[in-house]
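First the structure, in the form of structure tokens, and then the observations on it.
Protein chains: 2
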Amino acid sequence: MRATQMLIPTLREVPAEAEVVSHQLLLRAGFIRKTASGIYTYLPFAQRVLKKIMQIVREEMDRQGGQEMLMPIIQPAEIWLESGRWHVYGPELFRLKDRHNRDFCLAPTHEEVITLVVRGEVKSYKQLPQLLYHITNKYRDERRPRFGLMRGREFIMKDLYSFDRDEEGLEISYRKMHEAYTNVFSRCGLQFRPVEADSGAIGGSTTHEFMVLAESGEAAILYCSVCDYAANVEKATTLPAAGLDPGIQPLDLQEASTPGKKSAEEVAAFFGIEPFHVIKTMLYKTDQEVVAALVRGDRDVNEIKLLNTLGALTLELADEATVQQATGTPAGYVGPVGLKNIRIVADPEVMALTNAVAGANKRDTHLINVNANRDFKPDLVEDIRMVRAGEPCPKCGAQLQEARGIEVGQIFKLGTKYSKVLGANFLDENGKEKPIVMGCYGIGVTRTMAAAIEQNHDQDGIIWPASIAPYHAVVIPVSPKDENQMKLAETLYQELNRAGVESVLDDRLERPGVKFKDADLIGYPLRIVVGNKAVEEGVVEIRRRRSGQTDLISLSEAVEKVREILPTL
Amino acid sequence: MRATQMLIPTLREVPAEAEVVSHQLLLRAGFIRKTASGIYTYLPFAQRVLKKIMQIVREEMDRQGGQEMLMPIIQPAEIWLESGRWHVYGPELFRLKDRHNRDFCLAPTHEEVITLVVRGEVKSYKQLPQLLYHITNKYRDERRPRFGLMRGREFIMKDLYSFDRDEEGLEISYRKMHEAYTNVFSRCGLQFRPVEADSGAIGGSTTHEFMVLAESGEAAILYCSVCDYAANVEKATTLPAAGLDPGIQPLDLQEASTPGKKSAEEVAAFFGIEPFHVIKTMLYKTDQEVVAALVRGDRDVNEIKLLNTLGALTLELADEATVQQATGTPAGYVGPVGLKNIRIVADPEVMALTNAVAGANKRDTHLINVNANRDFKPDLVEDIRMVRAGEPCPKCGAQLQEARGIEVGQIFKLGTKYSKVLGANFLDENGKEKPIVMGCYGIGVTRTMAAAIEQNHDQDGIIWPASIAPYHAVVIPVSPKDENQMKLAETLYQELNRAGVESVLDDRLERPGVKFKDADLIGYPLRIVVGNKAVEEGVVEIRRRRSGQTDLISLSEAVEKVREILPTL
Numbered sequence: 001m002r003a004t005q006m007l008i009p010t011l012r013e014v015p016a017e018a019e020v021v022s023h024q025l026l027l028r029a030g031f032i033r034k035t036a037s038g039i040y041t042y043l044p045f046a047q048r049v050l051k052k053i054m055q056i057v058r059e060e061m062d063r064q065g066g067q068e069m070l071m072p073i074i075q076p077a078e079i080w081l082e083s084g085r086w087h088v089y090g091p092e093l094f095r096l097k098d099r100h101n102r103d104f105c106l107a108p109t110h111e112e113v114i115t116l117v118v119r120g121e122v123k124s125y126k127q128l129p130q131l132l133y134h135i136t137n138k139y140r141d142e143r144r145p146r147f148g149l150m151r152g153r154e155f156i157m158k159d160l161y162s163f164d165r166d167e168e169g170l171e172i173s174y175r176k177m178h179e180a181y182t183n184v185f186s187r188c189g190l191q192f193r194p195v196e197a198d199s200g201a202i203g204g205s206t207t208h209e210f211m212v213l214a215e216s217g218e219a220a221i222l223y224c225s226v227c228d229y230a231a232n233v234e235k236a237t238t239l240p241a242a243g244l245d246p247g248i249q250p251l252d253l254q255e256a257s258t259p260g261k262k263s264a265e266e267v268a269a270f271f272g273i274e275p276f277h278v279i280k281t282m283l284y285k286t287d288q289e290v291v292a293a294l295v296r297g298d299r300d301v302n303e304i305k306l307l308n309t310l311g312a313l314t315l316e317l318a319d320e321a322t323v324q325q326a327t328g329t330p331a332g333y334v335g336p337v338g339l340k341n342i343r344i345v346a347d348p349e350v351m352a353l354t355n356a357v358a359g360a361n362k363r364d365t366h367l368i369n370v371n372a373n374r375d376f377k378p379d380l381v382e383d384i385r386m387v388r389a390g391e392p393c394p395k396c397g398a399q400l401q402e403a404r405g406i407e408v409g410q411i412f413k414l415g416t417k418y419s420k421v422l423g424a425n426f427l428d429e430n431g432k433e434k435p436i437v438m439g440c441y442g443i444g445v446t447r448t449m450a451a452a453i454e455q456n457h458d459q460d461g462i463i464w465p466a467s468i469a470p471y472h473a474v475v476i477p478v479s480p481k482d483e484n485q486m487k488l489a490e491t492l493y494q495e496l497n498r499a500g501v502e503s504v505l506d507d508r509l510e511r512p513g514v515k516f517k518d519a520d521l522i523g524y525p526l527r528i529v530v531g532n533k534a535v536e537e538g539v540v541e542i543r544r545r546r547s548g549q550t551d552l553i554s555l556s557e558a559v560e561k562v563r564e565i566l567p568t569l
Numbered sequence: 001m002r003a004t005q006m007l008i009p010t011l012r013e014v015p016a017e018a019e020v021v022s023h024q025l026l027l028r029a030g031f032i033r034k035t036a037s038g039i040y041t042y043l044p045f046a047q048r049v050l051k052k053i054m055q056i057v058r059e060e061m062d063r064q065g066g067q068e069m070l071m072p073i074i075q076p077a078e079i080w081l082e083s084g085r086w087h088v089y090g091p092e093l094f095r096l097k098d099r100h101n102r103d104f105c106l107a108p109t110h111e112e113v114i115t116l117v118v119r120g121e122v123k124s125y126k127q128l129p130q131l132l133y134h135i136t137n138k139y140r141d142e143r144r145p146r147f148g149l150m151r152g153r154e155f156i157m158k159d160l161y162s163f164d165r166d167e168e169g170l171e172i173s174y175r176k177m178h179e180a181y182t183n184v185f186s187r188c189g190l191q192f193r194p195v196e197a198d199s200g201a202i203g204g205s206t207t208h209e210f211m212v213l214a215e216s217g218e219a220a221i222l223y224c225s226v227c228d229y230a231a232n233v234e235k236a237t238t239l240p241a242a243g244l245d246p247g248i249q250p251l252d253l254q255e256a257s258t259p260g261k262k263s264a265e266e267v268a269a270f271f272g273i274e275p276f277h278v279i280k281t282m283l284y285k286t287d288q289e290v291v292a293a294l295v296r297g298d299r300d301v302n303e304i305k306l307l308n309t310l311g312a313l314t315l316e317l318a319d320e321a322t323v324q325q326a327t328g329t330p331a332g333y334v335g336p337v338g339l340k341n342i343r344i345v346a347d348p349e350v351m352a353l354t355n356a357v358a359g360a361n362k363r364d365t366h367l368i369n370v371n372a373n374r375d376f377k378p379d380l381v382e383d384i385r386m387v388r389a390g391e392p393c394p395k396c397g398a399q400l401q402e403a404r405g406i407e408v409g410q411i412f413k414l415g416t417k418y419s420k421v422l423g424a425n426f427l428d429e430n431g432k433e434k435p436i437v438m439g440c441y442g443i444g445v446t447r448t449m450a451a452a453i454e455q456n457h458d459q460d461g462i463i464w465p466a467s468i469a470p471y472h473a474v475v476i477p478v479s480p481k482d483e484n485q486m487k488l489a490e491t492l493y494q495e496l497n498r499a500g501v502e503s504v505l506d507d508r509l510e511r512p513g514v515k516f517k518d519a520d521l522i523g524y525p526l527r528i529v530v531g532n533k534a535v536e537e538g539v540v541e542i543r544r545r546r547s548g549q550t551d552l553i554s555l556s557e558a559v560e561k562v563r564e565i566l567p568t569l
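Pasting the structure below:
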């Protein structure tokens, strides 16, 4: 397309409201404009990128046997009442009434509708499996929408739902989607990792998040430098702890005065020992009880793991008053020895300590030579700690590395959660009625566009991977008023488009510097400059946005050269 | 795709809730399911049709220089207050509040957002024209959603907005869209007509509706059998009336007693004359006044034309009490002679009558030998009547024909209505600020799918035009358990898809009759049956859905034959 016929509203200044790079560059490069808080208009460049991402998503879903459909955005409250989610969803659910005063919501997700469709149409095992998906707007009334497309209130998602006869079928569907997602993000030209993630309070189910690696990512990931293990920090595990004190004999338990020493670091320093020799005792309050969680003094409690271990719905650190009431001791001096009426959950590393230090459940006092099983017996021993970079990979023992990531997709084994409550059953080979086994699989389309920018940019602007770039190349005549230059640029532009290279002809009557700046900001993978050299020597300059590599190529070979370079960008 | 991996929920019964053919067949053929009143889920077959229509729309918009973008569905009240439409729109506008109690609506149309985007980015004549469009869900809270996709509350539309410097530019954009729309509906394989339509109270602006011709259509159209003139009945005109009584001398006005004779027909019969010799005097009440509208006794008043002639906002037939109060006469005896304090609007045909009959403004009394200009002077003489089939075309004089149509698109010259109120201005060559001149152009995507069915079906099901069919062909092995048949069917199915013929392999273990019925209901343009003849003689049966023509073709030539037939369907 010709730049003079396009809306190219680039900005020179960094907009004040934009906190993250993708938001800044999407605004500056003329891709989006804010219509309301967390609600954006996608201008033509953005729409081209979104269409490319959606096309890749469609092809990979279809390749796995996915059938595209389209479900409503506005949904009646009845079906959300039936699933039980109408009252569970808080203020994040946009609710409205129609002219007859009936309740509706704007869908944040489509489990209800799809499960009811399948309930109505699938009766027999012969009709299973089914993989059904759609791509549409989703709504979430965030308290504080921010980070541009990262946390909007209106956003585009692909969601696929799988319907199988049993867990084995679900496993096959899940693997198909794992493969499809891997293909999608690879084809989008992104550096990413599928990571094991926590499946929340439902428990038991498997889930992976697909993370685009970027320093600005809100999620921390641990991944193995050798094998394919990767997990987000809430889920990451490591090899079982070895005993730290082999051959050392347990000594007698003693009380010691430790006035004012509360934290594991303070206590360790006081006794002149390493912090890992201290048993950190943290009190938590769940929806049902107060519990004590024990980890080594150099570790942190992983609250997600603890929550899942307890099977609780909510979990929060106990406040000073709760600690005092539950233990009769001020916080800082609580320990597992002699603790009454409180369940104790210990990390396995705590069990491997010999002659450790712990709170004495008495003000300004600690116990030394504490030994698990002799001095106290935990109610549960489970991995409840945060794993850190440098620890061994649970699969292969190599060192775990840390990275930050942006979640762009998630695949999830739902099981029979929705089919049971909504009555989506089928008759098996023996005529027995069973609930359909479901999975759900989401990709944030608008978020993927933003994540691609977080990962691919420099100080001059966006660096699009060629597969999702709005255009592949921009052809810039240095002097559009020079008829000869313009004629050559025009011809090259048309030849490129005929050859399938999506190109823009920047025929605006602007200085070359302005066009170069715009080209860098918008992030065309290739910039082709047609100047005097083209007229005099038949040579154009082809510059690669990512590497900055610039080649002088003869006009007659330019199209071929571009087609050769493009797949490598 | 293989039928055993697809969701094909066909129904044998006509669903009770479906009043129109397209609604019935979309349900029966497994294309849609109702999620709520006027809100539908589009199953995979429907989504394929919608994607094809949208692709055709995109290509034709892009061909004219249209730039695709995407605007929000949920929009803040502020911008609707700014345009003045927040309070104008009645209960058809879905309104909601966010968690901070701010007002939003679900967009029925996007003039506000696009005009504000352009206001923000376009400053100079150099940036004009712009053609910007998007395809997205629209919302209208109909009092009584009905007719399936014909009048839903959530539906898909393409809307393009043009931005020009002046009326000449708008005329060019308008013509481009007229051409694009003609191409879209031609490529969709539909019989349609662009018809002149009324532009409503705004007045002066040009608008065309694109009507898919179908007996079930809600709109009546008059079109010329010779030239390209076509208009909906509210807008249709004809050649100026010739005098009916050439050379006849006006006679003296006389009063006649006509007890109980009120209608033009009764009066004509009473006097033994043709109804066209009676002046029909209809009293209407507008938002400002009571007026008398005069048409010949054999004609009907066109209330839209009358409304526009008067420049009124509302218009309704005066009730008995209003007639009595305004004229002092009971309805049925009102006439133009001696009528006081009431404006008279006469159709030109009335002016051409000599010695006509009209009400005397006295109970049970009419006047004979009434002659316009001698006995009364209308305040306005304008075309205010309904034109009927059989009258001459206003362009060429040939006979007008009548048809019924379904509106699937409308193009409209907005002018500066929105740019003025929202302040979307540009600086012209002389640095003078001017409002941008706009046009808007809509296509109902989901409605086009339904209209295609209204026009293309028979008692067995849908007959898709090949260009928008969900698949081009279905391959049916007569006995899927017969390995030889199945192998041949499978090979043919794969060869067809490789050749670009989108095909379904109906490998379900159902009787052939069931599959044939489904094939007819779903409406594949071609049905290819692989039976014993294929195994024994290498011959398959290719049947064309529309004509029923069935050919026996050798397996080796089948793919070629199908590719040859397809473009003709």
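If you're matching them up, the sequences are chains A and B in order.
Residue 1 is where the first sequence starts when you use full-length UniProt numbering, and the numbers rise one by one after that.
Residue 1 is where the second sequence starts when you use full-length UniProt numbering, and the numbers rise one by one after that.
Heads up, the beta-carbon is just placed ideally off N, CA and C, and yes, glycines get one too.
Quick caveat: nothing in here was measured; it's all calculated off a predicted structure.
Inset, instruction - Measure from the alpha carbon of residue 248/B to the alpha carbon of each residue in 352/B, 184/B, 189/B, 219/B, then state which is nearest. - result: Residue nearest to residue 248/B within the set 352/B, 184/B, 189/B, 219/B is 352/B (criterion: CA-CA distance).
Legend entry - Residue range of the unbroken beta strand (DSSP E) whose run includes residue 174/B: Looking at the DSSP string, residue 174/B is not in any beta strand (DSSP E); the run it does join, the alpha helix (DSSP H), is 167-187.
Inset, instruction - Note down, in chain order, every chain A residue with its Cβ under 7 Å from the Cβ of residue 144/B. - result: Those within 7 Å of residue 144/B in chain A number zero; the least Cβ separation is about 10 Å.
Inset, instruction - Give me the Cα-Cα distance between residue 347/A and residue 259/A, rounded to the nearest whole angstrom. - result: Cα to Cα, residue 347/A sits roughly 27 Å from residue 259/A.
Legend entry - Beta-carbon spacing of residue 443/B, residue 408/B below 8 Å: Contact check for residue 443/B against residue 408/B passes: the beta carbons are separated by less than 8 Å.
Legend entry - Under 8 Å from the C-beta of residue 470/B: neighbouring residues of chain A: In chain A, no part has a C-beta under 8 Å from the C-beta of residue 470/B; the shortest such distance is about 11 Å.
Inset, instruction - Please list, in chain order, all residues of the same chain as residue 451/A whose beta carbon is under 6 Å from its beta carbon, the five residues on each side excluded. - result: The beta carbon of residue 451/A sits closer than 6 Å to the beta carbons of 212, 406, 408 from its chain, once the five residues preceding and following it are set aside; these are given in chain order.
Inset, instruction - Could you check the C-alpha separation between residue 502/B and residue 162/A for me, to the nearest Å? - result: Near 24 Å, if we compare the C-alpha coordinates of residue 162/A and residue 502/B.
Legend entry - Cβ shell of residue 345/A (< 8 Å), same chain only, five flanking positions each side left out: Answer for residue 345/A: 291, 292, 293, 294, 306, 309, 310, 378, 379, 380, 381, 382, 384, listed in chain order.
Legend entry - Cβ pair residue 337/B, residue 327/B closer than 8 Å: No.
Inset, instruction - Rounded to whole angstroms, what's the CA-CA distance from residue 571/A to residue 466/A? Just pull it up for me. - result: Residue 571/A is absent from the structure shown; chain A starts at 1 and stops at 569.
Inset, instruction - Evaluate contact between the stretch 65-84 of chain B and the stretch 109-121 of chain B, counting only Cβ atoms and requiring at least three cross-stretch pairs below 8 Å. - result: With a cut-off of 8 Å, the stretch 109-121 of chain B and the stretch 65-84 of chain B count as touching, because enough Cβ pairs lie within range.
Legend entry - Contacts that residue 109/A makes with chain B (C-beta to C-beta distance below 8 Å): None at all; the shortest Cβ gap to chain B is about 15 Å.
Legend entry - Cβ-Cβ separation, residue 267/A to residue 366/A (assumed contact under 8 Å), whole Å: So it is a contact: roughly 6 Å between Cβ atoms.
Legend entry - Closer than 8 Å to chain B by CB, residue 94/A: Judged by the 8 Å Cβ criterion, residue 94/A is in contact with chain B.
Legend entry - Sufficient close CB pairs (3 or more, under 8 Å) joining the stretch 119-137 of chain A to the stretch 82-89 of chain A: At 8 Å Cβ cutoff, the stretches do not touch.
Inset, instruction - Look at the alpha carbon of residue 314/B and the alpha carbon of residue 304/B, and state the distance between them as a whole number of angstroms. - result: Residue 314/B and residue 304/B: Cα-Cα distance of roughly 10 Å.
Inset, instruction - Look at the Cβ atom of residue 29/B, then the Cβ atom of residue 461/B, and state whether they are nearer than 8 Å. - result: Contact flag set, yes.
Legend entry - the stretch 470-479 of chain B / the stretch 517-525 of chain B touching (three or more Cβ pairs under 8 Å): A contact exists between the stretch 470-479 of chain B and the stretch 517-525 of chain B.
Inset, instruction - Rounded to whole angstroms, what's the CA-CA distance from residue 4/A to residue 157/A? Just pull it up for me. - result: Looking at the two C-alpha atoms, the distance is approximately 33 Å.
Inset, instruction - Please say whether residue 276/A and residue 296/A have beta carbons closer to each other than 8 Å? - result: Here residue 296/A is near residue 276/A, since their CB atoms are less than 8 Å apart.
Inset, instruction - List the residues of chain B whose Cβ lies closer than 9 Å to the Cβ of residue 7/A, in chain order. - result: Neighbours of residue 7/A on chain B, chain order: 67, 69, 117, 118, 121, 122, 127, 130, 132.
Legend entry - Range of the contiguous alpha helix (DSSP H) that encloses residue 310/A: DSSP places residue 310/A inside the alpha helix (DSSP H), whose first and last residues are 303-310.
Inset, instruction - Indicate whether at least one CB of chain A lies closer than 8 Å to the CB of residue 137/B. - result: Yes, contact with chain A.
Inset, instruction - List the residues of chain B whose Cβ lies closer than 7 Å to the Cβ of residue 42/A, in chain order. - result: 69, 70, listed in chain order.
Inset, instruction - Pull up the distance between the alpha-carbon of residue 181/B and that of residue 210/B, whole angstroms please. - result: Spanning the two alpha carbons is a distance of roughly 8 Å.
Inset, instruction - Classify residue 501/A as helix, strand or coil using the three-state DSSP reduction. - result: In this structure, DSSP gives residue 501/A a state outside helix and strand, which the three-state scheme calls coil.
Inset, instruction - Leaving aside the five residues before and after residue 530/A along the sequence, list all residues of the same chain whose C-beta is less than 8 Å from its C-beta, in chain order. - result: For residue 530/A, where only same-chain residues beyond five positions count, the Cβ hits under 8 Å are 475, 476, 477, 478, 485, 488, 489, 492, 540.
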